[in-house]
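Everything below concerns the one structure shown next.
Protein chains: 6
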Amino acid sequence: MILRIDRLQTELPPPSDPDPAGAEAVQELMGGRFGEMSTLMNYTFQSFNFRDRAGARPFYDLLSNIAAEEYGHIELVAATINTMLTGCGDEQGPDTTLAGARTLPNKQHFIQGGLGALPQDSRGMPWTGDYVFSSGDLIEDLTHNFFLETGARNNKLKVYEMVDHPAARALTGYLLVRGGVHQVAYARAVEKLTGADLTKLFPSPRIPTDKIPECQPHIERGEHKRLYHFSGADYAEAAAVFTGPHPETGEELEFVDDPPEGFEPNDLPPQPAVFAPGYSPEEIREIAGSLRERAGLAG
Amino acid sequence: MILRIDRLQTELPPPSDPDPAGAEAVQELMGGRFGEMSTLMNYTFQSFNFRDRAGARPFYDLLSNIAAEEYGHIELVAATINTMLTGCGDEQGPDTTLAGARTLPNKQHFIQGGLGALPQDSRGMPWTGDYVFSSGDLIEDLTHNFFLETGARNNKLKVYEMVDHPAARALTGYLLVRGGVHQVAYARAVEKLTGADLTKLFPSPRIPTDKIPECQPHIERGEHKRLYHFSGADYAEAAAVFTGPHPETGEELEFVDDPPEGFEPNDLPPQPAVFAPGYSPEEIREIAGSLRERAGLAG
Amino acid sequence: MILRIDRLQTELPPPSDPDPAGAEAVQELMGGRFGEMSTLMNYTFQSFNFRDRAGARPFYDLLSNIAAEEYGHIELVAATINTMLTGCGDEQGPDTTLAGARTLPNKQHFIQGGLGALPQDSRGMPWTGDYVFSSGDLIEDLTHNFFLETGARNNKLKVYEMVDHPAARALTGYLLVRGGVHQVAYARAVEKLTGADLTKLFPSPRIPTDKIPECQPHIERGEHKRLYHFSGADYAEAAAVFTGPHPETGEELEFVDDPPEGFEPNDLPPQPAVFAPGYSPEEIREIAGSLRERAGLAG
Amino acid sequence: MILRIDRLQTELPPPSDPDPAGAEAVQELMGGRFGEMSTLMNYTFQSFNFRDRAGARPFYDLLSNIAAEEYGHIELVAATINTMLTGCGDEQGPDTTLAGARTLPNKQHFIQGGLGALPQDSRGMPWTGDYVFSSGDLIEDLTHNFFLETGARNNKLKVYEMVDHPAARALTGYLLVRGGVHQVAYARAVEKLTGADLTKLFPSPRIPTDKIPECQPHIERGEHKRLYHFSGADYAEAAAVFTGPHPETGEELEFVDDPPEGFEPNDLPPQPAVFAPGYSPEEIREIAGSLRERAGLAG
Amino acid sequence: MILRIDRLQTELPPPSDPDPAGAEAVQELMGGRFGEMSTLMNYTFQSFNFRDRAGARPFYDLLSNIAAEEYGHIELVAATINTMLTGCGDEQGPDTTLAGARTLPNKQHFIQGGLGALPQDSRGMPWTGDYVFSSGDLIEDLTHNFFLETGARNNKLKVYEMVDHPAARALTGYLLVRGGVHQVAYARAVEKLTGADLTKLFPSPRIPTDKIPECQPHIERGEHKRLYHFSGADYAEAAAVFTGPHPETGEELEFVDDPPEGFEPNDLPPQPAVFAPGYSPEEIREIAGSLRERAGLAG
Amino acid sequence: MILRIDRLQTELPPPSDPDPAGAEAVQELMGGRFGEMSTLMNYTFQSFNFRDRAGARPFYDLLSNIAAEEYGHIELVAATINTMLTGCGDEQGPDTTLAGARTLPNKQHFIQGGLGALPQDSRGMPWTGDYVFSSGDLIEDLTHNFFLETGARNNKLKVYEMVDHPAARALTGYLLVRGGVHQVAYARAVEKLTGADLTKLFPSPRIPTDKIPECQPHIERGEHKRLYHFSGADYAEAAAVFTGPHPETGEELEFVDDPPEGFEPNDLPPQPAVFAPGYSPEEIREIAGSLRERAGLAG
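Protein chains in written order, with the working numbering: chain A, 1 to 299; chain B, 1001 to 1299; chain C, 2001 to 2299; chain D, 3001 to 3299; chain E, 4001 to 4299; chain F, 5001 to 5299.
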């Protein structure tokens, strides 16, 4: 079970110039083989399928906390894509209000969607359950996860280099730091179980995280060395695995007993050309208003 | 963001006779077009892509709470499949310990997986992001969701009729009741926005829920008329939409301010024939034990 | 069984400036989840799988007539795409006669195809049988169909806003009107079976059809309130379901006993750069000519 | 445009013992790479995309008539599958009415479908638009079609050998004969255009059609040497291509000016366990009855 | 470029009792995510895409030799599947010669194929290019390859446990040993580049290779510690990476300057029920005989 | 088994201006339905699955030699794509070093790949095993192969017309000639088995190969009439099938007893922006250097 909190794990800028081509690139971080849907679903299924939890609890708890954090990552990627697409459809049609999108590779942001995120990659191909690896063999699953985070870091770096829209940069700067934490966590878990020191592979790809300007503020706040506890009472034993020095900075790793505080998401404006949330958004607003009133919520 | 709670929304029986063929049928409820991955991801993406949240908050909150509940549903389906597969691999190999699985249609439960759930349907085909509909148009999204829940109810009924393993029956009995609540919720939302009374379509399929023995205890506890608030402070305005009489029983619908209490999951035993959580589970147990000790967690 | 008639359901303009990017968008109306392949195949399979036809004939006949009309729609979408692509390949190669296409997202119109329609969506992804819903449960199938037509109307509106090539506009103007008729037909069918009044959802999306200039001539001719009988002697009982006032105009719905008269399709010119119908079209013409002569057809 | 006629191209026996495993094999003839969806859609798209129709009319007309016939073939395959599945769900649930299906590879006939045909192959994988070849180059398209019909004949022969349910045998016996006609037609068309005599490849696979008992009555009636005209006034010039002796029997080929008369389809009984056409079919019957009465159709 | 040698890398027994269900399991080793198509194509594409080959030659050569060996592995898996299916179709049809296959999950071995291997996994799903990881980043590609070989070892062990047909056991016994060598090779390569000692992960899964009886003869011959040079003059520098002790036995690793000698493949008999190599194999034999004679090859 | 030779079958120019859009078009020749992955894998699987090899050796040997040659073709296509992409990533990041790629349809060349070839088509869709036809029926497989080569020739001609980058033209000029040889070979094989003279279909598409300037040097060297023996001792009997005059030039066909000599591939430079072969390629070079030294290879 989960509880949802209506906050984002990092702060995103409000919409500025729309960048639909850049949004297509960011989709790789959502629905690509190494996107956040993949990290979320790999760890989630591995935790659901975990056998002998009592016997291996620190590992189970580590996995479950990271899985929970990844939910916040798909939320962030979605918010970024929505932000980047805002402004492409703010005129009410009909007419040629979407003509600008005719030459875009992925027209589905406009035709199927309402200028929102889709569970697709940068080719427009859907995320698929075949991206999930859940062998049940703990060492293998962790080996996989280390590889997956490495591929994910690669893809985030490339999207960083390709897209400089402020929302995309806020996203990739943050995800690079947090993905790095997950790489470390899985490296440590493999080390505890086998003795192999995967931290010698850091950074992988070989570009140091602190060379990236948008990562620096997060590193300064210590986000690169903390694993958060995304639960109230459960999943608390991850601390037994997430220990030792950070492979890039040498600082001690920390398991923080609470989730991060988070940031208020921007409430993105209607895009009537694509009927989001409707052709005449004000009608919905009115109906909602009177429902709230009737329920004693207004004011 | 989410917090995870290590409890299941309903109680599942412990493993009994394994039923790998039945587990394949249950996979449809996980990764099929109308499975719980689909309900989870449809509502999650719709909530992520929701524009003008302030203006339409009761609808946004309704969607977000149901999305949060669905996470618990994929968890339940996974637990069921794991339970049904337990006992197929409890002898350590090598040898022909998995020979019994040779004639099963979906051998991937054994070959790729460790006798656990996969994000696949009953054909073994992976869940795909193309199952997600997120048009951004509120009325359309809700119309879709009503249809999706109807298809989901159909599929649960069929799996109920096909598989009588105790875990499968505990699952379908519960999901039929909760899915019914979501059908009602979306019907009410459409009605508030358009005046169309979709509750006249109930029950759809036309078999009354209370004819199903495994549903009755849940109905007796009132689970069929309650929508839960799966958050602390946020998403609280769903109450403004989820109102009026239940279409089958006439009782008043309720928005409950807390999540359900939930049930302790069974800790499923190792299956060494498929190396879950390892070929020699006791080694992992030992390592975990000394990590816990070192971290001051051992009790 | 079917008989084919070599006429189009509406008039399309002859080729003018080619618009390959626009043609990619129009592909969504062919092979997308909500494209005409989907409406055709959903209703066709549902009619093939209809049980107890005698007992439910008016519904069976309604479905079968709409299915038959949809065949004409895939034909129209194909004709539109062919028209829009005409002129991209009218020079005989080799040489760089197709260089202009190098930057197009879907190069398969040029490489695999001969500047013709493909059963793909706007991403270039193939239409798939998994888009077909055929549960056999009449109420569910109709609920699905209403949702499908709503999604289809959304997609047509978006393509309308995105592409203003004369052929695309002739297509979307017509399909919006006819798709609207199918929405009404399924709403009425659901109402007859359950009492739920889905016409309150009209128009969905909320933009009135008569605001679209290219729809107006069709509305003036009454195309928005007529269901056609696409058969000689069979499938005649749809009239029992397709009754009552039109939800947008209040006019009485009509079941017309004949198919529409249709329009002569344009015979599109060869495109030798893509070898359609050959590298040297005149050779084929000559062979055909002498075959016709030998068969006594020439004249 | 098409007109639909509610008759089947050959006679099928009424339901007898259900054969769900056999029905899965027959699905290959529906949705496989060489199934009837493929022949239908290949020829249909090729005819839609045909350029310079006036200049090459005999070929255009040949293609269009065969395309029209193929529609009747998907109808026949669907009717066969429905017939073979009838009896698997005739008890009203809930309870374990579908337990027998638990071990079937393709459970979707029961879970997604209502014991009806699906656009899938024998693996349960959906038919895909990527099975369509429409290059626009007439000689290539015809070369492809000859190959496609050869693959189709292979698959029909295999299904014949695998499934001896009376409905399956009625189907394969008929389709083998008619598919053979299409092989001949495409061979002749290639010959007219290039001089290459593909009839030397007959029969391909090398088993003579008349060795198959279920083919013999159709051969006796001359079905192996006739191409039908599936239109009223249009597509009449196929006769100029479909000429010469039949490659297996030496008889003269005939272009028949009318479609075959066809056979009354069986009206298959409800299957309430899968809610087809509903959980309580008699309710639908009643509603339909009063609608017919109100429309002046009853009696 | 390659030269082909008509020998198998290990000896397979001649056909005995057919085992079509087992053959389906073995397909996972052909076309699954971790099958030999995947190892072959991953290493092949990585070697094709290798930049700065002169600068990193020992790694380029290591990769290229392993890629070359994998070609022999898909050949072996194919030969195994063909062996296991031999005997399912040795009677000439028509008639119900394939009736026994009706209940098999993957009927395509019979319907599409001629009792031969297909590029599919154990579900019957096709191998896909999306299984290839070729980032161009050497350390990442090697990390991936280590993970891939680990997953492959897992799958081979499971197939071993599931299928005891003599051909399957000959295959898995051999592949487990050779796959182990590739795991070691990639571990060593990562170590040379980063210092991380992945050999501590051996064996992964944790079952020692020498516990498997069918592996023992290969280990006795030293196959577990040798990398072969699959080229004449090129790709000779792999020796610089493939050094040090074997992680399970401590013996020194060897780069052998020649390919293994290999074994004569069995020439599998015709299966006329599936027309392989024809309905009347003797006709083909005759034609081939006279062609050989005419070419001066006979005798 | 194979031996790899580190040479290309034709000469490619060194990198010049990068052409990422053109590289996307060339991908169709790699991973499209008619790309070189398809020809390679079709013939490879057909040869693996060949039954009664002794009885039909000339055909088995023909197939196996062509299969072997096709390996060299995927290598060539990969080298071409790598060449065309070189220069898109030669600046070290981070920063917006990949900004130019943001508007490309297939961003995966940059995000997933390291500016290298992927097993995808021009849409970015992965090659799939369902493109392989291996019926086991020799005549059918050969009929298929003739069709496949025809489709492949069509696609090569279109890519020729679309992309004039020097590497792409060197590739298509060569492949058109060699593909033509394979068309001839399969035509001859069909003729030997059935008497049907498929060479009357040449050229197909109808554009003569010698009209293409980049084909002329290869034709002058006789490449259009030679089949190579890609083996040492095995597969030598293809000569018995590959006989008679060339259909376009009338010259006698030749089976050459050796593989072509080949050309040295260009060693393409690092692209540090995409980390190929690393973010700091010189580090890898250093490590490799000392490994070579230690192994006695340096100098």
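C-beta: ideal position from N, C-alpha, C; glycine also.
Along the chain, where does the beta strand (DSSP E) that runs through Leu-3227 of chain D open and close? 3226–3228
My output table needs one value for Ile-4219 of chain E: the three-state DSSP class, helix, strand or coil. helix
To the nearest angstrom, how far is the alpha carbon of Ser-1047 of chain B from that of Gly-116 of chain A? 10 Å
Using a Cβ-Cβ distance cut-off of 8 Å, determine whether Tyr-4279 of chain E contacts chain B. no
DSSP-derived helix/strand/coil call for Glu-1011 of chain B: coil
Contact set for Glu-11 of chain A: own chain, Cβ-Cβ below 6 Å, skip 5 residues either direction: Phe-263
From Gly-1222 of chain B to Pro-2245 of chain C, what does the alpha carbon distance come to, in whole angstroms? 41 Å
Consider the Cβ of Asp-1019 of chain B: report whether some Cβ of chain E lies at a distance smaller than 8 Å. no
Own chain partners of Tyr-1160 of chain B with C-beta closer than 6 Å, once the 5 adjacent residues on each side are dropped: Thr-1172
Output the distance between the C-alpha atoms of Asp-1090 of chain B and Pro-1272 of chain B, rounded to the nearest integer angstrom. 6 Å
Contact criterion: CB-CB distance below 8 Å. Does Tyr-4160 of chain E meet it with respect to chain B? yes
Residue burial classification, Ser-3290 of chain D (beta-carbon count within 10 angstroms, cutoff 16): exposed
Beta-carbon of Glu-251 of chain A versus every beta-carbon of chain F: anything under 8 Å? no
Using a cut-off of 9 Å between C-beta atoms, extract the partners of Ile-3074 of chain D located in chain B. Result: empty, since nearest Cβ-Cβ is about 21 Å, beyond 9 Å.
Answer yes or no: does any C-beta atom of chain A fall closer than 8 Å to that of Glu-4149 of chain E? no
Gln-271 of chain A (DSSP reduced to helix, strand or coil): strand
Distance, Cα to Cα, Arg-4292 of chain E vs Ile-5081 of chain F? 42 Å
Along the chain, where does the alpha helix (DSSP H) containing Ile-5002 of chain F start, and where does it finish? From DSSP, Ile-5002 of chain F is part of no alpha helix (DSSP H) but of the beta strand (DSSP E) over 5002–5004.
Who are the Cβ neighbours of Asp-1197 of chain B in its own chain at under 7 Å, not counting the five residues just before and after it? Glu-1191
For Lys-5211 of chain F, go through chain C and note every residue whose CB falls closer than 7 Å to its CB, in chain order. Pro-2094
Output yes or no for whether 8 Å exceeds the beta carbon distance between Pro-2119 of chain C and Met-3041 of chain D. yes
Where Arg-3120 of chain D falls: helix, strand or coil (DSSP): In the sequence on display, residue 3120 of chain D carries Gln and not Arg. Three-state result, Gln-3120 of chain D: strand.
Closest to Asp-2137 of chain C by CA distance: which of D:Leu-3029, D:Glu-3282, D:Phe-3275 is it? D:Phe-3275
Buried or exposed, going by whether 16 or more other CB atoms sit within 10 Å of the CB of Ser-4016 of chain E? exposed
Coil, strand or helix - Ala-1167 of chain B by DSSP: helix
Against chain D, which members of the region 4096–4107 of chain E pass a CB distance test of less than 9 Å? Thr-4096, Thr-4097, Leu-4098, Ala-4099, Gly-4100, Ala-4101, Arg-4102, Thr-4103, Leu-4104, Pro-4105, Asn-4106, Lys-4107
Listed by chain order, chain B residues near Tyr-301 of chain A by CB distance under 9 Å: Because chain A in this structure spans residues 1 to 299, residue 301 of chain A falls outside the shown range and cannot be described.
Taking Cβ positions, are Ile-1212 of chain B and Arg-4 of chain A nearer each other than 8 Å? no
If we count the other Cβ atoms within 10 Å of its Cβ and call it buried at 16 or more, is Gly-5114 of chain F buried or exposed? buried
Against chain A, with Cβ distances strictly below 8 Å, would Glu-2024 of chain C count as a contact? yes
Give the interface partners of Ala-5273 of chain F over in chain A, defined as CB-CB distance under 9 Å, in chain order. Lys-158, Glu-161
Please say whether Pro-5058 of chain F and Ala-5240 of chain F have beta carbons closer to each other than 8 Å? yes
Beta carbon proximity, Gln-112 of chain A to chain I, threshold 8 Å: Here chain I cannot be found, since the structure's protein chains are A, B, C, D, E and F.
Note down, in chain order, all residues in the region 5116–5143 of chain F with a beta-carbon under 8 Å from any beta-carbon belonging to chain A. Arg-5123, Gly-5124, Met-5125
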